[in-house]
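Peer 1:
In full-length UniProt numbering, the protein residues as written are 1 to 119.
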């Protein structure tokens, strides 16, 4: 199965388990790997035979910025479910990264990665 990748999408949103996260907000990064057959698109050079990346970006932006959840696991699930319901993809891998969570320590980021398939 072929893949479409969208990497490093960055959104400012208000997700988190702590009140200050919901009040102040922070950056979230989303990476996607969508699996589908791209042969027809590649042979025909026809956008209608693939997934429009701009439409995917807008859906992820909406899910990330227009809702508020406590867990990035929930955000990843919502993104995956929306993508599978809207686009003709067989499988999606969603990675949500939170670079600045309010926990002590030295680290680059925290994140989750899920894989969901069309039922």
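Virtual Cβ for every residue (Gly too), placed ideally from N, Cα, C.
(1) Report the three-state DSSP secondary structure of residue 79 (helix, strand or coil).
(2) Find the nearest neighbour of residue 99 within the set 5, 15, 6 and 4, judged by alpha-carbon distance.
(3) Where does residue 13 fall in DSSP's three states?
(4) Buried or exposed for residue 115, please, with buried defined as at least 16 other CB atoms from any protein chain shown within 10 angstroms of its CB.
(5) Taking DSSP's pairing of strands, which residues face residue 18 in a bridge?
(6) Pairs of beta-carbons, one from the segment 60–67 and one from the segment 35–48, closer than 8 Å: are there three or more?
Peer 2: The short version:
(1) For the purposes of this step, residue 79 is taken as residue 79 along the chain shown, with counting starting at 1. Of the three classes helix, strand and coil, the one that applies to residue 79 here is helix, per DSSP.
(2) Looking up residue 99 in the chain shown gives position 99. Closest option to residue 99, Cα to Cα, is 15.
(3) What you label residue 13 is simply residue 13 of the chain shown in a count that begins at 1. Residue state, collapsed to three classes: strand.
(4) Stepping through the chain shown from its first residue, residue 115 is reached at position 115. With fewer than 16 other Cβ atoms within 10 Å, it is exposed.
(5) Mapped onto the chain shown, residue 18 falls at position 18. Note: residue 18 sits in no beta bridge, so no partner.
(6) Short answer: they don't touch.
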